[in-house]
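Residue numbers for the sequence shown follow the working numbering, beginning at 2 and rising by one.
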Amino acid sequence: MQLEAIYHRPKQNWSYAYDRETIHIRIRTKRGDMDRVVAVAGDKYAWDTTVRKVPMRIFASDELFDYWEAAVKPPYRRLRYFFQLEKGTKKLWLTEKGFEKNQPAHSLEAFDYPFINPIDVFGPPAWVKDAIFYQIFPERFANGDPSNDPANVEPWGGKPTPSNFFGGDLQGVIDHLDYLSDLGINAIYFCPIFEATTNHKYDTQDYMRVDKHFGSNEKVKELVEACHKRGIRVLLDAVFNHAGATFGPFLDVKEKGAQSEYADWFHVRDWPLRVENGIPTYDTFAFEPIMPKLNTENEDVKRYLLGAAKYWIEEIGIDGWRLDVANEVDHQFWREFRQTVKAVNKDAYILGEIWHDSMMWLQGDQFDAVMNYPFTNAVLDYAAYGKIDGAGFANAIGKQLGAYPQQVGEAAFNLLDSHDTARLLTLCSGDERRMKLAALFQLTYPGTPCIYYGDEVGMSGGHDPDCRKCMVWDEAEQNGELLRFYRTLIALRKDHQALRSMDIRFLHAEARDAAIVFERRGESASERFIIAMNAGGRARTVKASARTGSWRNVFTGETVSVVNKEVTFALPEYGFTVLQLLDV
């Protein structure tokens with residue numbers, strides 16, 4: 002037994018309440034090292050009469066470790082537990098005090114989960130598990146009302162630059178809601194819509210007012226109501242890390258300096274405000290002079306921002322917030338933000354923009370989810386770039402599954418591109434086959450997928466500003482076959498709980514092999530899919546274990562036979578197969 006590899010600690014992703022009755026217990030061991038792991042669990046006040054052994058299962062693996070899990074429903078919502086580790090005839094027990102050669106006779110050395118307090122149970126909104134998001138950059142989606150166009154608006158479909166405008170607005174979104182419904186979208190994430198000077202609107206001038214070139218507050222309410230009638234949720238972008246150069250308090254500080262009543266609204270290192278060698282004397286987003294960082298410890302700043310957060314949910318009816326540059330704002334502000342938002346709408350979705358490990362924000366007191374860029378990177382490295390083989394990809398996914406509690410994975414915001422990156426087709430070097438592999442995995446993986454506007458019709462584009470092109474509405478210029486592919490996958494995901502569940506198992510993922518096969522299972526025994534994909538430049542034939550029964554190829558309709566409890570996949574280069582179990 003490789004003892005140095007074994008790890009557990011209570012709370013966070015290792016021991017947590019999944020719901021008001023269930024505690025998930027996890028332990029890490031060296032990959033392939035243990036034959037069996039058992040959780041010995043019982044009530045601390047009634048150990049002798051409640052103790053029992055609960056077999057654990059490997060729910061994820063990476064290149065170094067296996068991650069074991071057991072779900073326990075303690076009768077009195079309290080739990081003490083230790084682990085029994087088995088390899089061959091050897092047994093060892095892990096308690097809070099360390100490793101023991103003999104099984105402890107009582108619970109005094111056990112790990113302790115004191116009590117499932119309902120208020121502490123982290124539960125993201127249930128609707129998010131079934132959501133399929135569509136990200137819209139408002140200035141570039143559709144121009145529905147030319148009367149509110151900027152004075153220097155350019156013809157739709159021109160080349161985007163950091164500063165030009167094409168007249169996209171909220172009416173344009175309303176005009177195309179039927180398109181989104183037909184695609185299968187049931188949630189929209191909007192980049193900022195509030196008053197600002199730029200085309201991207203991340204330099205907020207007024208957090209309580211919609212930019213006049215997009216419409217009005219009343220138009221947002223009309224849009225939200227129209228979305229809700231179609232079963233579409235609405236997520237707005239909250240830029241609370243920084244404001245814009247035309248934000249009223251910042252203008253006052255620029256004019257009056259340290260004597261301004263708003264001087265403490267910002268982080269000023271040296272007066273007067275100025276830029277020296279490209280670096281402002283006040284903190285900003287990156288080093289952008291037009292994006293001064295807000296002091297979210299200041300009570301007046303908090304009152305203003307939290308008031309805005311409440312207003313758009315309470316008065317306009319939005320369904321949640323995406324939080325820009327969330328990791329640069331203090332944790333206490335986000336705790337108060339969550340309390341404010343959830344008091345108005347407990348089902349509001351709070352999504353943080355964080356590009357790295359985010360456990361500190363995902364413990365039930367701050368965010369419901371973060372933008373899952375580790376997922377993005379793993380999928381792109383495998384499907385788009387060909388940097389990693391099947392084993393490397395499965396390991397990357399396993400590491401993510403083991404890093405967070407189950408409910409975090411269920412609500413994770415899984416994207417492949419955005420306004421901050423090059424477009425998916427461009428990341429795939431224009432190869433539609435690679436793009437389909439990435440989208441296929443995204444739309445059959447646990448969590449909440451998000452499609453960047455226009456990807457589904459084959460839009461391409463490099464990094465900002467090229468990724469912010471005008472949406473292509475001329476069907477003659479759209480990739481109709483790709484659009485049908487997206488529609489099929491989205492409908493499949495919506496129709497089958499197995500493709501939204503957390504139960505994912507790799508059946509084939511080997512080193513120096515670009516082909517993978519994985520299984521998705523739902524709550525019902527008949528809800529099963531097997532998905533195979535080949536991210537390599539040569540055809541592959543692979544076999545994987547499969548349940549006996551009738552399987553159907555989702556895209557071709559043909560029936561596939563199971564021989565000796567195995568199914569054979571003939572995969573062309575950059576090809577895929579999706580099999581659905583029809584009967585057992």
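Ideal Cβ positions, reconstructed from N, Cα and C, are used throughout, including at glycine. Treat the numbers as computed from the prediction; the structure is a model and nothing was measured.
Rounded to the nearest angstrom, what separates residue 299 and residue 266 at their Cα positions? 6 Å
May I ask which residues mark the beginning and end of the beta strand (DSSP E) holding residue 195? 195-197
List, from N- to C-terminal side, the beta strand (DSSP E) runs of 3 residues or more that fit wholly inside the region 36-61. 37-43 and 53-56
Is the beta carbon of residue 449 sitting closer than 7 Å to the one on residue 132? yes
Would you check if the distance between the CB atom of residue 384 and the CB atom of residue 414 is smaller than 7 Å? no
Take residue 555 and list the residues in its own chain whose beta-carbon comes closer than 6 Å to its own, dropping the five residues that flank it on each side. 579 and 581
State the DSSP-derived secondary structure class of residue 510, mapped to helix, strand or coil. strand
Between residue 547 and residue 567, how many whole angstroms is the CB-CB distance? I'm expecting something under 8 Å. 6 Å
Could you tell me which of 310, 561 and 541 sits nearest to residue 550, measuring between CA atoms? 561
Is it the case that the region 381-399 contacts the region 62-72, given that we only count it when at least three CB pairs across the two stretches are under 8 Å? yes
Residues bridged to residue 243 (per DSSP): 294
Does DSSP put residue 148 in a helix, in a strand, or in coil? helix
I'd like to confirm the pairing. Which residues does DSSP put opposite residue 111 in its beta bridges? None; residue 111 has no bridge partner.
Tell me whether residue 276 is buried or exposed, calling it buried when 16 or more other Cβ atoms sit within 10 Å of its Cβ. exposed
Starting from residue 70, trace the beta strand (DSSP E) in both directions and tell me its first and last residue. 66-73
For residue 151 and residue 217, the rounded distance between their alpha carbons: 15 Å
Are the Cβ atoms of residue 295 and residue 344 separated by less than 7 Å? no
In chain order, what residues of the same chain have a beta carbon less than 6 Å from the beta carbon of residue 388, not counting five sequence neighbours either side? 382
Rounded to the nearest angstrom, what separates residue 314 and residue 402 at their Cα positions? 32 Å
Using 7 Å as the threshold, is the C-beta distance between residue 137 and residue 189 below it? yes
Give the DSSP bridge partners of residue 29, in chain order. 8 and 68
Which of helix, strand or coil does DSSP assign to residue 125? coil
Residue environment, residue 116, which counts as buried when at least 16 other CB atoms sit within 10 Å: exposed
Am I right that residue 404 and residue 358 are in contact with their C-beta atoms under 8 Å? What's the rounded C-beta distance? 7 Å
In the DSSP assignment, find the beta strand (DSSP E) that holds residue 518 and state where it starts and stops. 516-522
Spatial neighbours of residue 346 within its chain, please: C-beta separation below 7 Å, excluding the five flanking residues on both sides. 314
Boundaries of the beta strand (DSSP E) in which residue 209 is found, first to last residue: 205-211
Who are residue 534's beta bridge partners in DSSP? 517 and 577
Where residue 515 falls, given that 16 or more other Cβ within 10 Å makes a residue buried: buried
Beta bridge counterpart(s) of residue 134 as assigned by DSSP: 188 and 451
Expected contact under 8 Å - CB spacing of residue 511 and residue 539 to nearest Å: With a Cβ gap of about 15 Å, residue 511 and residue 539 do not count as contacting.
In terms of alpha-carbon separation, which member of 308, 78, 297 and 386 lies closest to residue 47? 78
Are the region 319-339 and the region 361-369 in contact at 8 Å, needing three or more beta carbon pairs? yes
Supposed contact pair residue 94 and residue 101 - C-beta distance, whole angstroms, cut 8 Å: 4 Å
Quick test of your reading: residue 290 and residue 238, contact by CB under 8 Å. State the CB separation rounded to the nearest angstrom. Not quite, the Cβ-Cβ distance comes to about 21 Å (not below 8 Å), so this is no contact.
CB of residue 521 within 7 Å of CB of residue 492, strictly: no
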